[in-house]
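Undergrad: Residue numbers (this note's numbering): 81 to 292. Positions of the beta carbon are idealized from the N, C-alpha and C atoms, including for glycine.
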């Protein structure tokens, strides 16, 4: 059964087990997806309201564009819940390959390195989508239903938690990759994404707290 097809209780119990997967990568993607869902919930609660309809047409157009894109972000993060566990299982499968001969050792190491990069790419995508989700929340916060402003704040925190979870999983897998140029590039990418997302997150939280 796919993780995304489980009930909440089943998923929690699957994480709370001796199996290392699903782990932080899948949980991070799920948390990010929940954050995106909360952002969309606020939009749902805004449409048709008098205050929302009073906004200029261009503001409503931007709001609705972000609302639509946030659904795509949510769906991608949902996909990554299972993809992260699948990538981990591929890495573990490569480590189990035979290594009795020199040829087998070379083939095994090549497969390990290939699958480790896949195991990096998956949480990297989580980082990217969570960062995009945070970026999309700005317009929803500005023009959305202010009675639900705390939900934008919670959604932002969830997306940022998913982003940081993705970074942790990128970095832990990079430790086993021998391609130093690749490692350097990936570290620089995720830290650059985090820097921008963190500034946006802090601004959103500041606005949300100021409204309470």
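Whole angstroms is fine: what's the gap from residue 287's alpha carbon to residue 164's?
TA: Within the chain shown, residue 287 is the residue found at index 207, counting from 1. Within the chain shown, residue 164 is the residue found at index 84, counting from 1. When rounded, the distance between both Cα atoms is 33 Å.
Undergrad: What is the rounded straight-line gap between the Cα of residue 217 and the Cα of residue 281?
TA: As a first step, residue 217 must be located in the chain shown, where it is residue number 137. As a first step, residue 281 must be located in the chain shown, where it is residue number 201. Those two C-alpha atoms are separated by around 9 Å.
Undergrad: At what residue ranges does the segment 209-281 contain a whole run of the beta strand (DSSP E), taking only runs of 3 or more?
TA: Taking only runs of at least 3 residues, no beta strand (DSSP E) segment lies wholly in the segment 209-281.
Undergrad: Taking the Cβ atom as the reference point for each residue, do residue 205 and residue 246 lie within a distance shorter than 9 Å?
TA: Mapped onto the chain shown, residue 205 falls at position 125. Mapped onto the chain shown, residue 246 falls at position 166. Yes. Within cutoff.
Undergrad: Between which two residues does the alpha helix (DSSP H) containing residue 176 stretch?
TA: Working through the chain shown from its first residue, we reach residue 176 at position 96. Looking at the DSSP string, residue 176 is not in any alpha helix (DSSP H), and its letter there is neither H nor E.
Undergrad: Since residue 209 contacts residue 153 with CB under 8 Å, what's their CB separation in whole angstroms?
TA: Locating residue 209 in the chain shown gives position 129, counting from the first residue. Locating residue 153 in the chain shown gives position 73, counting from the first residue. Confirmed, about 5 Å.
Undergrad: What is the rounded straight-line gap between the Cα of residue 207 and the Cα of residue 197?
TA: The residue labelled residue 207 in the question sits at position 127 within the chain shown. The residue labelled residue 197 in the question sits at position 117 within the chain shown. Roughly 15 Å separates the two Cα atoms.
Undergrad: How many angstroms separate the CA atom of residue 140 from the CA atom of residue 98?
TA: By 1-based counting over the chain shown, the position of residue 140 is 60. By 1-based counting over the chain shown, the position of residue 98 is 18. Going from the Cα of residue 140 to the Cα of residue 98 covers about 48 Å.
Undergrad: Please report the straight-line C-alpha distance between residue 85 and residue 161, rounded to a whole angstrom.
TA: Your numbering for residue 85 matches position 5 in the chain shown. Your numbering for residue 161 matches position 81 in the chain shown. Taking the straight line joining both Cα atoms gives about 11 Å.
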